[in-house]
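Residues -4 to 427 in this note's numbering are what the sequence shown lists, from first letter to last.
The beta carbon of each residue, even a glycine, is placed where N, CA and C say it ideally should be.
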Amino acid sequence: MAETAISQPSSPRVLPGLQPGARFAERYLIERTLGAGGMGTVYAALDTLTDTPVAIKLVAGHHTEIERVRLREEVRATMLLTHRNIARTYTLDEAAGEVFIVMELLDGETLAARIARGAIPRTEALAIANQLLDALSEAHAHGVVPRDVKPANIMCCSDDRVVLMDFGLARVDDADTSTHTTSIKGTPAYMAPEVIAGRRADARADVYACGLILFEMVTGKPPFRAATVNDLLYRQLHQPIDTRQLDEVLASAISRATTKDPDERLASIDGLREALVTPLAPPVKPRHRRRWILGAAALVVGGVLGVVTVRALRDGDPPATAITAAPVVTGETQRERQLDQLLTAEIATSLKKLGERACACKDAACGRAVIDDMVALGRRTKDFEVDLADSPIQASKDLLCLVDLGIPAAEIFDVNRRIRDLPVEPPREGAW
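Here it is in C-alpha cells:
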C-alpha cells in the first residue's frame, strides 16, 4: 500500500547565471525568464545549434536516481506526442547540476490570463474546450495522463491554436506506483478528489479538471473559493459545483465531469465532448429530406465558417466531432433546427479539413485516403438523411489538388456517385 503525503512545492529558483544573454548547456542562449513556479523555472531561449526559439524548463526536485529515471520515462512518452494542440517536448538533459527540459516556445497568452479579463462567451469557451479535449484525447491515446491540467498550462496562441503545455506531472499508464511513497503534487484548485486521496490517477482526473476549467471560462471565476489550501482541498472532496447559473446542457456536462466519485464521473474525454454537444431533449428524426448546399468558398482554406475547429483528420481516422453551441431547446421545430445547425457545422468543418489534407498530400495513396474519408463523411450524412447531391466537392479547388498527384479528376468527382449509392440507414442511437 502506498503512503500518501501532500507535498509542498519547491521554492522557485531563478539561477543568477541565467540572465538574458547568458549561455546555458553550451548551445542555448537565454533571452528572458518566462515564469517560475513550484515545478521549476522556465526561460525563453535560442537553440544556437538549430537557430530555433525554445522554452527551457529547469525542473525542481528530481534529485534521486529513482526520481530521475521516472522523469526520463515520462518525458520520453511526451516526446512522442506531436499533436498540434500539444506543446512539443524536444529533449531532457542535465547541465551544471540542473535537470532541464527543452520544449516548444509558444506565442500568445495563457488561458488564465484570458479568464482574468472576464468571463468568456459560450461559443468561444466551447471552441477553446474543443481543442483542449483534442489534446487530452491524443495524450490519453498514447497512455499519457497530464495530471496538472489548468488554465495556466493552456496557451491561447496568436495563430488561434489552443495548446496544452507543461507535462511536468505527466504519468505513463504502465508506471509502477505500488511500492513508492505517493507525493501528491499539482494545483489544488484543479485537483480531482481521488488524487487528493492519494489514489492512482487516470484519464478521469483530467476530465474533472476540464469540467472545472469550463466552468471557470464561462463564469469568469473558479468554482471553489477558499482561504486556505486545506479548505480548498476539503471543498474539492465534498462540495459539488453550483451550476444553477448555467444553461442545462453546460450544467449537465460540467456536473457529470466533476462528480466526486470517479466511478460515477464521465469516463473519458470523448464522453465529455459528447455531453457538450448532446441536447438534453431527445432528438427527433426529421420528417423530410433536407438538402444541404454549401458554396465552394466554404472549402477554401482560410474561409470564415463561424464554427469551432475540430481535430485535424489523420490518415484512416473518421471525421472528429466538433463541440458546437448546443442551446437548450423546447419544441419539435427548435430541436430539428438545432440538429440542422450541429450537422451543418460539423460537415462544413470536416470538409474544410479534408480540403486542407488534400493539398498537403505528397502521394496518391494519401490522396485516395482523403477520398475514402469523404465517402465516410457521406455515410454520416446519409444516416441523418442529408442530401449531398449538390456537394461542393464538384467545384472545390482544394480537392482538385489531388489531380497533381496523378489521380484522375473523374475519380475525384466520382465521390458523389459513391455517396449517393450508400444505403440510407436510420440515425445511430446516441449519435448526437
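Of the listed residues Pro48, Arg27, Arg22, Lys52, nearest to Met34 (C-alpha basis): Comparing Cα-Cα distances from Met34 to each of Pro48, Arg27, Arg22, Lys52, the minimum goes to Lys52.
Sequence-distant residues of the same chain with beta carbon closer than 8 Å to Asp358, five excluded per side: The answer, listed in chain order, is Leu400.
Local Cβ density within 10 Å of Thr73, reported as buried at 16 or more and exposed below that: By the C-beta density criterion, Thr73 is buried, having at least 16 other C-beta atoms within 10 angstroms.
Chain-order list of residues whose beta-carbon lies under 7 Å from that of Met186 (same chain, five-residue window excluded): For Met186, same chain residues with a beta-carbon under 7 Å away, outside a window of 5 residues either side, are Gln231 in chain order.
Alpha helix (DSSP H) runs contained entirely in the stretch 192 to 279, provided each spans 4 or more residues: Annotation note: the stretch 192 to 279 contains the following uninterrupted alpha helix (DSSP H) runs of length 4 or greater, listed N- to C-terminal: 198 to 214, 224 to 233, 243 to 252, 264 to 272.
Of the listed residues Ala82, Val272, Val94, nearest to Ile149 (C-alpha basis): Distances from the CA of Ile149 to each of Ala82, Val272, Val94 were compared; the closest alpha carbon is that of Ala82.
CB of Ile123 within 9 Å of CB of Met212, strictly: Taking 9 Å as the Cβ cut-off, Ile123 and Met212 qualify as a contacting pair.
Ala252 versus Thr182: straight-line alpha-carbon distance, rounded: One Cα belongs to Ala252, the other to Thr182, and the distance between them is close to 18 Å.
Beta-carbon proximity of Arg199 to Pro257, cut-off 9 Å: It is a contact, given that the beta carbons lie within the stated cut-off.
Buried or exposed (CB count within 10 angstroms, at least 16 for buried), Ala360: Exposed, because fewer than 16 other Cβ atoms sit within 10 Å of the Cβ of Ala360.
Assigned secondary structure, Gly428 (DSSP; H/G/I helix, E/B strand, else coil): Summary: the structure shown does not reach residue 428, with the chain confined to residues -4 through 427, and so no result is reported for it.
Reference Gln234, options Gln240, Ala221, Leu241, Asn80, closest by Cα: With distances taken between Cα atoms, Gln234 lies closest to Ala221.
C-beta contact flag for Asn80 and Arg156 at 9 Å: In this structure, Arg156 lies closer than 9 Å to Asn80 by Cβ.
Contacting residues, own chain, Cβ-Cβ under 6 Å from Lys255 (five flanking each side not counted): Excluding residues within five positions, the ones whose Cβ falls inside 6 Å are Pro188.
Three-way DSSP call (helix, strand, coil) for Arg117 in this model: Residue state, collapsed to three classes: helix.
Touch test, the stretch 84 to 92 against the stretch 124 to 135, Cβ-Cβ under 8 Å, three pairs minimum: No: the two stretches stay apart, fewer than three of their Cβ pairs being nearer than 8 Å.
Contact check, Leu29 vs Ala55, beta carbons under 9 Å: The criterion of a C-beta distance shorter than 9 Å is not satisfied by Leu29 and Ala55.
Residues that DSSP places opposite Asp88 in a beta bridge: Beta bridge pairing from DSSP links Asp88 with Phe95.
Top-ranked residue by Cα proximity to Glu119, from Ile25, Cys151, Ile402: The residue with the shortest Cα to Cα distance from Glu119 is Cys151.
Gly362 versus Thr77: straight-line alpha-carbon distance, rounded: Straight-line measurement puts the Cα of Thr77 at about 22 Å from the Cα of Gly362.
Extent of the continuous beta strand (DSSP E) to which Ala50 belongs: 47 to 54 is the span of the beta strand (DSSP E), which, as asked, contains Ala50.
Beta-carbon proximity check, Arg260 vs Val202, cutoff 9 Å: Yes, the pair counts as a contact, with Cβ atoms nearer than the cut-off.
Minimum C-alpha distance to Arg194 - residue among Ile236, Arg142, Ala108, Glu269: By alpha-carbon distance to Arg194, the top candidate from Ile236, Arg142, Ala108, Glu269 is Arg142.
Reference Val140, options Leu121, Met160, Asp154, Ser153, closest by Cα: Checked all of Leu121, Met160, Asp154, Ser153; the closest Cα to Val140 is Met160.
Delimiting residues of the beta strand (DSSP E) encompassing Thr105: Thr105 -> beta strand (DSSP E) spans 103 to 105.
Where Cys361 sits in the DSSP three-state scheme: Reduced to three states, the DSSP call for Cys361 is helix.
Outcome for Leu100 when other beta-carbon atoms lying within 10 angstroms are tallied against a minimum of 16: Taking all protein chains in view, the Cβ of Leu100 is crowded by 16 or more other Cβ atoms within 10 Å, so the residue is classified as buried.
Straight-line gap, Val365 to Ser247 (C-alpha atoms, nearest Å): Val365 and Ser247 have their C-alpha atoms some 36 Å from each other.
Candidates Glu243, Val224, Ile249, of which the one nearest Leu209 by Cα: The residue with the shortest Cα to Cα distance from Leu209 is Ile249.
8 Å contact criterion, which Asp215 and Ala114 should meet: CB distance rounded: At residue 215 the sequence reads Gly, which differs from the Asp that was named. About 3 Å separates the two Cβ atoms, so the contact holds.
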